[in-house]
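Asker: Got a structure for you, questions after.
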Amino acid sequence: MNKIFNWSNVFGTITIFLTIAFLQQITVRSEFLHVFEKALSDYNVTDLVFSKLRNEDIALDTNIVIVNTGGLRRADIAAQINLINRHNPKVIAINHIFEPSNDFFGDSVLAVELSKVKNLVLLSTTAQPKETSQGLVWDSLITSYPEKYKDIGITGSGRIITGGQEQFETWRTVYPSRKLSSGQEEKCFAGQVAQLFDPKLAQKFYSRDNKEENIHFRGNLDKFIKLDVDDVFDQNFVPEMITGKVVLFGYLGESYTSSFWDGDKFYTPMNDNQVGRGIPDTYGVIIQANIVSMILSEDYIDEIYGILSIFIAVLMCYFNVAWFTAISQSRAYGIWYDLITKIIQLFEVIIFVWIIIQTFATFNLKLDFTIAIFAILLSGDIMEIYLSLVVNAAREVRIFFRRGRP
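When we follow the numbering used here, the leftmost residue of the sequence shown carries the number 219, and every step to the right adds one.
Structure follows, in structure tokens:
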């Protein structure tokens, strides 16, 4: 029993966690290593569920219709809205920010058509957040051309490509609301859509009280009803497709059948290329459709982290410390220490990853075993150093004082 529960194993466990903390500080302070940390932090093993392992039988969401605005001018988008609004959709949401322009006619016509929509959501966005004692705070709110669209519909915060490193990051979460430095709170675009469609379901979303909500992706464009630019103008749809539904207007390329990447496209967990960076896989309006679908179907991802994750990490680390110490001190297996411990570490990591993926795919439950996996990967080598230097040195000191000074 003493081989398992003793101070040597306790200090060995502490040494491993101090090493993890030290390596993290080095990574943060080193710009060179920070690049690798950024790449690793943007990867999540649960992305495999969406990109490789998901069930292709996931049903089409018939509550949401996506309309491609292509490269249309504002007057043409107004014409699209007019044709769709005739069939009484429950909510119309526009995934565009209309900046000030010299197109007076287009702005006027668009404002008129938007004002006719009973339940309308317009996109807003925010500047980069700042960390404060009260959490993340955003400086300012950016909305469509205030002079033209200020009093039309309601706004909801979304995400647009602003350049910089952000455009290469994976979009896998949504902020239910964003607190501005002015004290105003801006709810998210998809949440506002859900609020107008079904207030009770929207309230359930906000009552989860998560600062960030993991997006449960239903799928790409194939999981939603969609209308291309010509489909709308040629009225290539039946009224039942629109009546009582959520209609999201947004950019899907000149045609949604085009494979050419020309903007407003993001990396998501559905990207087939999980390592490195290929072409972004999903348009912004489709991601918003996935968030709306998640809220309306109450298909959320829950997450276990914090104290439980740390407890599991400490438990696994202590277990490895005790096990590896016994191997090191064994006459039969000590000589094979490196080989045996590496095999054990490999199997432990594989088991942890398997548990993470299966739990996520089966129960929509996201487990955070990051610290535990790091502790497993470091435990073999750190314990070898610890046992060689610290433990042996302590033994020699004890022997020295028992014998007395010469």
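A virtual CB, placed ideally from N, CA and C, is assigned to each residue, including glycine. No experiment lies behind these values; they were computed from the predicted model shown.
State the DSSP-derived secondary structure class of G552, mapped to helix, strand or coil.
Answerer: Reduced to three states, the DSSP call for G552 is helix.
Asker: For F435, which residues of its own chain have a beta-carbon under 6 Å away from its beta-carbon, when the five flanking residues on both sides are left out?
Answerer: F268, M488, N508
Asker: With a cut-off of 8 Å on the beta carbons, I'd call E349 and S375 a contact; round off their distance for me.
Answerer: The Cβ separation is near 18 Å, so there is no contact.
Asker: Decide yes or no for the touch test of the segment 325 to 332 against the segment 413 to 424: beta carbon pairs closer than 8 Å, at least 3 of them.
Answerer: no
Asker: From S342 to M601, what distance separates their C-alpha atoms?
Answerer: 52 Å
Asker: Using the beta-carbon count (16 or more within 10 Å), is E458 buried or exposed?
Answerer: exposed
Asker: Using only CA atoms, which one of F537, L583, A412 lies nearest to V339?
Answerer: A412
Asker: Do K560 and V283 have their C-beta atoms within less than 8 Å of each other?
Answerer: Contact flag unset, no.
Asker: Suppose the cutoff is 7 Å on Cβ atoms and the five residues either side in sequence are ignored; what does the same chain contact list for I276 look like?
Answerer: R436, G437, K441
Asker: If you draw a straight line from the C-alpha of I460 to the C-alpha of I574, how long is it?
Answerer: 39 Å
Asker: Going by beta carbon distance, what residues of the same chain come within less than 7 Å of T280, once the five residues before and after it are set aside?
Answerer: Here the set comprises I443.
Asker: From V503 to Q410, what does the alpha carbon distance come to, in whole angstroms?
Answerer: Roughly 14 Å between the two C-alpha positions.
Asker: Check whether the Cβ atoms of L583 and V450 sit closer than 8 Å, and answer yes or no.
Answerer: no
Asker: Do you know how far the Cα of A297 is from the Cα of Q453?
Answerer: Going from the Cα of Q453 to the Cα of A297 covers about 12 Å.
Asker: Among residues of its own chain, excluding the 5 on either side of P318, which ones have a beta-carbon nearer than 6 Å to its beta-carbon?
Answerer: Y363
Asker: Round the Cβ separation of I370 and L332 to the nearest angstrom and send it over; I've been treating them as touching at under 8 Å.
Answerer: 5 Å
Asker: Which residues bound the alpha helix (DSSP H) around E404?
Answerer: No alpha helix (DSSP H) holds E404; the beta strand (DSSP E) holding it covers 403 to 405.
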